[in-house]
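One structure below.
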Amino acid sequence: MTSVLAGASFDASNNILAPLINGIANGAAYGLIGLGLVLLYKSNRIFNFAQGEFASVGAIVAYVFTAGTGVLPDLPYFVAAFLGLVAAVGVALLTERLVIRPMFERAKVILVVGTVGVALLLIGLEGLLPYPKAQALPTIGQVFGTQDFVGRISNIPILYQDIAKLVMLVVLAAAAFLFFRYTGTGTAILAVSQDATAARVVGISVERISLISWGIAGLLGGVAGILLAVPPSGITPGGFTGTTLTVAFSAAVLGGMTSLPGAFVGGIALGLIEAFANADFALVPGLSTVKQGAELAVFVVLLVVLLVRPRGLLGREA
Amino acid sequence: MAAETQVLSPVAAASRRATPTGIAVRALAALPLLLLVLLLPLQSQTFGQDASYAAIFVIVGLSMNVLTGYTGQISLGHQAFVGLGALVAANVVNTGIASPDPFTFAMGMLTAAAASAAVALLLGAVALRIRGLYLALVTLVFGATFADTIFTLPSLNGQDAGVSAYRPDAIAGEYRYYLFALAMVLLCYYVDVCVRRSKVGRGLIALRDNELVAAAFGVNVLGYKLLAFTISGAMAGLAGGIFAFRSQLFSDKDFLSVSGFNLALTFVVIAVVGGLANRGGVIAAAIFFALVNPFMEWFAGQTHWGTFYGNNKFYISNVIGAVLLLQTVILNPGGLGQVIRPFARWFSGHKFTLHDPDGGAGVGAMEGSNVRA
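Heads up: the protein sequence lines correspond to chains A and B, in order.
To convert, note that position 171 of the first sequence is 171 in my numbering; the numbers rise steadily by one, no gaps.
If you want my numbering, it's the position in the second sequence, counting the first as 1, plus 318.
Below you can see the structure in the form of structure tokens.
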């Protein structure tokens, strides 16, 4: 109750703006990870629990080439970021070849358990490899040598990093949407996901399609990792899996597991829900007094969406 | 020509005829195993503690076996049930640093199992309506959310300092406590066997293999799933209660965020690596994963890897679990259970053969299930 009273003495607009801006910024992160989840669900009908670690791999490889540790060459930011993306795609392709391909004919649950195994393995390897831990990539502002924020809205800084995340999310979601709608490869991926045997009959190489879809998922993960691994959170082995992945899954479900624009909508929506659940003023009485009000809100949203509208806001099939 | 009904000698029974030599040989072979289980924990306090830890893992493994192996439902949030059991047991007994009387202790264990069963029932009533892969997602988010919201309540976790859980005098020693845990393992094993052999067990296997067909044959799909979920929750709660009194302290930190997530994944790994729906395999896998860390610690201490191991304990166990999990799902779907099956069959009185006459029943767990999401 005290928090409600304390909130009333502040400027009301400031009080609403802070969670609004934070929510959109976090939501962009959920959307970026969620995009890869949706893409793999759309193409393979599985949940990829390793998506967060694809992001970590991209971020860590980009980091070791910018850090100037002496062992590896100290490269310009964009070259290092490119190498990070290559590494993320490489790990995704390896996952497809070594784990997914041998289990093509198996039940989807087993495939999902396989991706959990990949996530566990990547977390372990990231932790064991010798490089400086608990570091962060430079922000966009640091790369260009400017200040970190564009300006302030009622004293809340608008970060370049958050704008970059949001723009990248919109661009990637739109690009992936257009890819599935207008290109032959995109259509082929959808055909394989609907009926692999029939797709094979009309001459689509199911193996190649699977490799392509995992490669794209790796690329999306890498982009997300490089954009998200900035201060204050930075890079920790398993960091994305522990914090972002569960919310990103809920976001993807909310937006619709089969809809790429849905990943954007769901991500932003869930970011806002979290931010308002943790806000100083109580939208739901008592929620901000629970230690993990935001987490509770995410769980309730996930449950309600799955029970009431399993296809999500923008998804098409059940 | 309506001939008289000819009574054939039961073929199955013929292959497991109990001869005195057969029983004697098997008893002799079982003796070292029995001695290992009963005498090794007697060696030192640490051995006793590790053995209790293994017993706890076996109970959780059996709990996963009922849920994942028989019912084909996957739970990535089982640490919440184990943690709730630990929390409830410690809070119900709540005698501070005085040892409780046996009755209070028994009530603590009972309420631990009951509380986890109740929460599992509630979650299942909502979540089991959600089909297929989405259930894995819901349990994942549930486990993290439940632990982070309930276990962190200051009134339940001893104002963040933990709740002390002293054992009653009769089982205060490490070895005696291990024997108590072992008795609980036998209880859970018995429940598991009963579930599998009953009408319920056959119903569960049927709905695991094909929900629609099972429903068409009159299996109450939602009801049976709910029952399996509740039994699984009760076992996990009991394991949690034993866990709290093993370390003599309930600490919410054991079940929160990364350590909780890791615990949940370890439980899934046990169920899969052990072999789905394979009791013996799951027990072997549970013992392995409970003891791998103490063993590695001892081994690293003997070599110059000690510091490296100490710093990277968490990641090393991740890699071990992940490699075993991946090799199981990709190359060896039957899991550990498939490997030890010839020996398990021999012990149960059959002839020793490497060719599996059952065709590996249970290997197909979750394979043919209608999990298409």
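Glycine included, every Cβ here is placed at the ideal spot set by N, Cα and C.
C-beta atoms of residue i and residue j nearer than 7 Å
| i | j | result |
| --- | --- | --- |
| G653/B | G593/B | yes |
| G403/B | S370/B | no |
| G36/A | L220/A | yes |
| F240/A | S43/A | no |
| V576/B | T646/B | no |
| S259/A | G315/A | yes |
| V64/A | L72/A | yes |
| I560/B | A603/B | no |
| I601/B | V376/B | yes |
| L254/A | V305/A | yes |
| G401/B | A462/B | no |
| N596/B | V481/B | no |
| A80/A | A62/A | yes |
| G193/A | R311/A | The question names Gly, yet the displayed sequence has Ser at residue 193/A. Contact flag unset, no. |
| I268/A | I24/A | yes |
| H512/B | M553/B | One point to set straight first is that residue 512/B is Cys, not His, in the sequence displayed. No. |
| L227/A | K133/A | no |
| G266/A | F54/A | no |
| V38/A | A188/A | no |
| I158/A | F149/A | yes |
| G31/A | F264/A | yes |
| A119/A | P231/A | no |
Selection from the options that minimises the alpha carbon distance to residue i
| i | options | result |
| --- | --- | --- |
| A557/B | I549/B, D466/B, C512/B and A431/B | A431/B |
| S233/A | A59/A, A18/A and A294/A | A59/A |
| L441/B | L314/A, Q292/A and F299/A | F299/A |
| V537/B | Y388/B, M553/B, K517/B and F498/B | K517/B |
| V444/B | T621/B, L540/B, N630/B and I658/B | L540/B |
| D487/B | F547/B, V509/B and F423/B | F423/B |
| F607/B | A618/B, N596/B and F585/B | F585/B |
| K108/A | R663/B, W664/B, P660/B and I648/B | I648/B |
| G52/A | Y41/A, N22/A, V150/A and G238/A | G238/A |
| G578/B | M502/B, L439/B and F632/B | F632/B |
| F469/B | R494/B, F399/B and S417/B | F399/B |
| I123/A | A224/A, F47/A and V91/A | V91/A |
| P261/A | F179/A, A199/A and A198/A | F179/A |
| Q566/B | Y508/B, Q397/B and N412/B | N412/B |
| L302/A | A662/B, A454/B and Q656/B | A454/B |
Beta-ladder partner(s) of residue i, from DSSP
| i | result |
| --- | --- |
| S648/B | Note that residue 648/B corresponds to Ile in the displayed sequence, not to Ser. None, per the DSSP bridge assignment. |
| I489/B | BP columns for I489/B are empty, so no partner. |
| I153/A | I156/A |
| L567/B | S482/B |
| I235/A | Q135/A |
Endpoints, alpha helix (DSSP H) assigned at residue i
| i | result |
| --- | --- |
| I392/B | Premise fails: I392/B is in no alpha helix (DSSP H) and is neither H nor E. |
| V64/A | Q51 to T66 |
| N580/B | S575 to G592 |
| G450/B | Premise fails: G450/B is in no alpha helix (DSSP H) and is neither H nor E. |
| G382/B | Per the sequence presented here, residue 382/B reads as Met, with Gly not at that position. Element bounds for M382/B: Q363 to M382. |
| V86/A | Y77 to T95 |
| R659/B | G653 to F665 |
| W214/A | V206 to L228 |
| R526/B | K517 to D527 |
| M614/B | R597 to Q620 |
| V253/A | T246 to G255 |
| L111/A | K108 to L128 |
| T339/B | P338 to L357 |
| R200/A | A196 to V201 |
| F299/A | G293 to V308 |
| G266/A | L260 to A277 |
| F144/A | I140 to F144 |
Extent of the continuous beta strand (DSSP E) run through residue i
| i | result |
| --- | --- |
| I156/A | I156 to L159 |
Do three or more CB pairs link the region 627–647 of chain B to the region 116–132 of chain A at distances below 8 Å?
They touch, by the three-pair rule.
Report yes or no: do the region 269–281 of chain A and the region 77–93 of chain A share at least 3 C-beta pairs separated by less than 8 Å?
Taking a cut-off of 8 Å on C-beta distances, the region 269–281 of chain A does not touch the region 77–93 of chain A, as fewer than three cross pairs fall below it.
With three or more C-beta pairs closer than 8 Å as the rule, is the region 445–454 of chain B touching the region 373–381 of chain B?
The region 373–381 of chain B vs the region 445–454 of chain B: no contact.
Spell out a yes or no on whether the region 571–588 of chain B and the region 353–369 of chain B are touching, meaning 3 or more CB-CB pairs, one atom from each, closer than 8 Å.
Here the region 571–588 of chain B does not lie against the region 353–369 of chain B, with fewer than 3 beta-carbon pairs under 8 Å apart.
Decide if the region 160–171 of chain A is in contact with the region 88–105 of chain A; the criterion is three or more beta carbon pairs, one per stretch, under 8 Å apart.
The region 160–171 of chain A makes no contact with the region 88–105 of chain A; the number of CB pairs closer than 8 Å stays below 3.
Does the pairing of the region 449–465 of chain B with the region 236–249 of chain A give three or more beta-carbon distances under 8 Å?
Cβ pair count under 8 Å is three or more, so yes.
At least three beta-carbon pairs within less than 8 Å, the region 511–528 of chain B to the region 384–391 of chain B
Enough Cβ pairs lie closer than 8 Å, so yes.
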